Structures are given as C-alpha cells and as structure tokens.
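Single-structure report; data block below.
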Amino acid sequence: MMANELLKNSWNPFDAFDMDFFGNTRVPRRFMNTDISDEGSKYLVSVELPGLQKENVNLSFDDNVLTISTEKHEIADHGHGDLIQSERSSEAMSRSFRFSNIDEDNISAEYKNGVLKVELPKQNEDDVEGYHKIEIN
16 MMANELLKNS WNPFDAFDMD FFGNTRVPRR FMNTDISDEG SKYLVSVELP GLQKENVNLS
76 FDDNVLTIST EKHEIADHGH GDLIQSERSS EAMSRSFRFS NIDEDNISAE YKNGVLKVEL
136 PKQNEDDVEG YHKIEIN
C-alpha cells in the first residue's frame, strides 16, 4: 500500500466534527465561489450562489466596497409524526470586495441560474476627483 492510501484510510479524530448526533455526514457549508476579472473598461464579478432565489441576494456598493450578502431560511415540512432529524438550516453569508475608480451610477447586476454577475464600470481617469497623472521622465 502506498503512503497516501494509508493516510486516507487512517482514523482521524477530527472527522467527528463533520458528523451529526446520528453519525451522518453533515451537509457541507456553502461558500460564495467568486471570480473577479479586469475587462479593461470594467470589472466583472461572478459569484456562484446555487439554490438561492434572487430575493435572497442583497448587493450594495458603499465607500468603494462591493458587498454581496445572502439569507436563506429553509423550513422542513415533515408531515405527520415526530421529526427525528432535519437537515434544513438558516444561513447567512456575506463577502466584501474593495475597488477603486468605479462609476457608481452605472453598476449593473444580473442573477441567472444561480450565478450573480456584477459589472462595475471604471471611471474615466479625467473624471476621478483628486486623480493626477504623473508623467515619468
């Protein structure tokens, strides 16, 4: 057996943290997988938010910070009888990203198929208050 197979099959005391009371593996936490690209005249932010409705997503831009936050409250419909286990949850997530030189009045966003896309157009350098281009000799 190779060393990595031995390590994979060995007992790990921390595995218990990923189990619930009944020994079942907990549902993994969701993260906001994010890509940010510089498209020249704008920044494009793409965030994966699977399982969320548009109404559960909040977006703000304040003091050069883009904040994306979500809230989701799942309700278990267990029908009749006593509920023994429920894997429903309430969760809230938030991510913030700092930008500079953004034309705040023309920021746009679209949410489609679990992906949020935010376009942050850059301001023209001549329009930025306090911006001074320095020529190098």
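Each residue of the sequence shown is one higher than the last, beginning at 16 in our numbering. Here a beta-carbon is modelled for each residue, glycine too, at the ideal position from N, C-alpha and C. Note that the coordinates shown come from a computational prediction; the quantities given were computed from them, not determined experimentally.
Can the beta-carbon of residue i be found less than 8 Å from the beta-carbon of residue j?
i, j, result
"Val60", "Leu81", "yes"
"Leu131", "Lys57", "no"
"Tyr126", "Lys87", "no"
"Gly55", "Gly129", "no"
Return the chain-ordered list of same chain residues with a C-beta closer than 6 Å to the C-beta of residue i, the five sequence neighbours on each side being excluded.
i, result
"Asn73", "Ser84"
"Thr49", "Val62"
"Val133", "Val60 and Ala124"
"Ser111", "Val80 and Thr82"
"Gly106", "It is Glu, not Gly, that sits at residue 106 in the sequence shown. Closer than 6 Å at Cβ, skipping near neighbours: Lys87."
"Asn71", "Thr85, Glu86 and Lys87"
Taking all protein chains shown into account, do 16 or more other C-beta atoms lie within 10 angstroms of the C-beta of residue i, making it buried, or fewer, making it exposed?
i, result
"Leu64", "buried"
"Ile99", "exposed"
Grouping DSSP H, G and I as helix and E and B as strand, with all else coil, what is residue i?
i, result
"Asp120", "helix"
"Asn79", "coil"
"Asn139", "coil"
"Asn71", "helix"
"Leu98", "coil"
"Glu63", "strand"
"Met47", "coil"
"Phe112", "strand"
Using a Cβ-Cβ cut-off of 8 Å (strictly less than) and excluding sequence neighbours within five positions of residue i, which residues of its own chain qualify?
i, result
"Asn79", "Arg113, Phe114, Ser115 and Ile117"
"Glu119", "Phe76"
"Met47", "Val62, Glu63, Leu64, Ile83, Thr85, Met108 and Arg110"
Under 7 Å Cβ to Cβ from residue i, same chain only, skipping five residues before and after it: list those, please.
i, result
"Asn121", "Pro136"
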